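Asks: Numbering-wise (my numbering), the sequence shown opens with residue 987 and increments by one.
Note that the Cβ used here is the ideal one computed from N, Cα and C, for glycine as well.
Values in this document were obtained by computation on a predicted structure and should not be read as measured data.
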Amino acid sequence: MIKKIGILSGGGDSPAINAAIRAIYLKASEYGYKVIGIKNGWEGLVKGNIVELDRESVSGILGEGGTIIGTSRTNPFKIENGVEKVKENIKKFELDAIITIGGDDTNGVITRLTQYGIKGVGVPQTIDNDIAHSDYAIGSDSALEVVTDCLDKLHTTASSHSRIMIVEIMGRDAGWLALSGGIAGGADVILIPEVAFDYDEIVNVIEKRRERGKDFTIIAVAEG
């Protein structure tokens, strides 16, 4: 029977992690579970750095960015004796299950740990929205909103100065954020890793826009 669960956030932060932590705590409390915050991602289970969460600690965090329990890019499988330390601390703190909030690296760790009989589940969280088998990740909507707003606001400056503006958009190796934000923000050219492109085609788009009296072009480029 589950009595105590640990929760951690790993990788880059994004909006709504605290909202997820709060929601998990409140739901767990309904079942009478104790909730332990694991500090700074998997690093907390390697070093034994934890804090017990209570109603006061999750109060007022719904709209706050970041994460109250910290984060890191620590992967115990890449640290000498890292997995053994994680297993030891899970036993030491009597954690019956682990909930991870993060991207494929953070959540991939809990997947691999199940082979040692450790129970857990991963909550998709990344602005890249690139987690396999999931159409949605915490943080992706907020990132899309920011990208859309930035591209939309660039139009007046690009038009006023007759400029070609190239905007690099985050997303690591995935083009979801650049594609979705580019469409919503009205980019004239969108370049993503998943689709090959030809420079001549880009030049052609720019020239055709000029023929129509559009002396500016906004190009959205995914960082991957």
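(1) So what's Ser995 in DSSP terms, helix, strand or just coil?
(2) For a quick check, are the C-beta atoms of Leu1137 and Ala1206 less than 9 Å apart?
(3) Which word fits Ala1199, buried or exposed, when buried means at least 16 other C-beta atoms lie within 10 angstroms of its C-beta?
(4) Near Thr1057, which residues of its chain fall below 7 Å by C-beta distance, leaving aside the five closest residues on each side in sequence?
(5) Just to confirm, are Ile1085 and Ile988 a CB contact at a threshold of 9 Å?
(6) My guess is that Asn1004 and Glu1050 are in contact by the Cβ rule of under 8 Å, so how many angstroms apart are they, rounded?
(7) Tell me where the beta strand (DSSP E) around Gly1103 begins and ends.
(8) For Gly1157, which of Val1132, Gly1210, Asn1075 has the nearest alpha-carbon?
(9) Is Ile1024 helix, strand or coil when you go by DSSP?
(10) Would you kindly report the start and end of the unbroken beta strand (DSSP E) that includes Ala1005?
(11) Rounding to the nearest angstrom, what Cα-Cα distance links Leu1130 and Asp1121 in this structure?
(12) In the DSSP output, what is Val1032 paired with across the bridge?
(13) Quick check on Thr1143: does DSSP put it in helix, strand or coil?
(14) Taking the C-alpha atoms as reference points, what is the distance between Val1032 and Ala1164?
(15) Quick one: grab the DSSP three-state call for Val1175.
(16) What first and last residue would you give for the beta strand (DSSP E) that runs through Gly1088?
(17) Taking 8 Å as the cut-off, does the segment 1054-1073 touch the segment 1086-1096 (at least 3 CB pairs, one atom from each stretch)?
(18) Given this structure, state the Cα-to-Cα distance separating Gly1168 from Phe1183, to the nearest angstrom.
(19) Buried or exposed: where does Ile1152 fall if 16 or more other Cβ atoms within 10 Å of its Cβ makes it buried?
(20) Once DSSP output is grouped into helix, strand and coil, what is the label at Ile1188?
(21) Kindly indicate the opening and closing residues of the alpha helix (DSSP H) around Val930.
(22) Just tell me which of Thr1053, Asp1159, Glu1154 has its CA closest to the CA of Val1175.
(23) Residue range of the beta strand (DSSP E) that Glu1154 falls in?
Replies: Put simply:
(1) The answer is strand: DSSP assigns Ser995 an E or B state.
(2) yes
(3) Looking at the sequence shown, residue 1199 is not Ala but Gly. Looking at its Cβ environment, which holds fewer than 16 other Cβ atoms inside 10 Å, Gly1199 is exposed.
(4) Ser995, Gly996, Gly997, Asp999, Asn1026, Gly1027
(5) No, the Cβ-Cβ distance between Ile1085 and Ile988 is not below 9 Å.
(6) The C-beta distance from Asn1004 to Glu1050 rounds to 5 Å, short enough to meet the 8 Å contact threshold.
(7) Premise fails: Gly1103 is in no beta strand (DSSP E) and is neither H nor E.
(8) Per the Cα distances, Gly1210.
(9) strand
(10) Unbroken run through Ala1005 is the alpha helix (DSSP H), 1003-1016; no beta strand (DSSP E).
(11) 14 Å
(12) Per DSSP, none; premise fails for Val1032.
(13) helix
(14) 36 Å
(15) Three-state result, Val1175: strand.
(16) 1083-1088
(17) At 8 Å Cβ cutoff, the stretches touch.
(18) 16 Å
(19) Exposed is the call here.
(20) Residue state, collapsed to three classes: helix.
(21) There is no way to answer for residue 930, as the model of the chain reaches only from 987 to 1210.
(22) Per the Cα distances, Glu1154.
(23) Following the DSSP letters along the chain, one finds Glu1154 inside the beta strand (DSSP E) bounded by residues 1150-1155.
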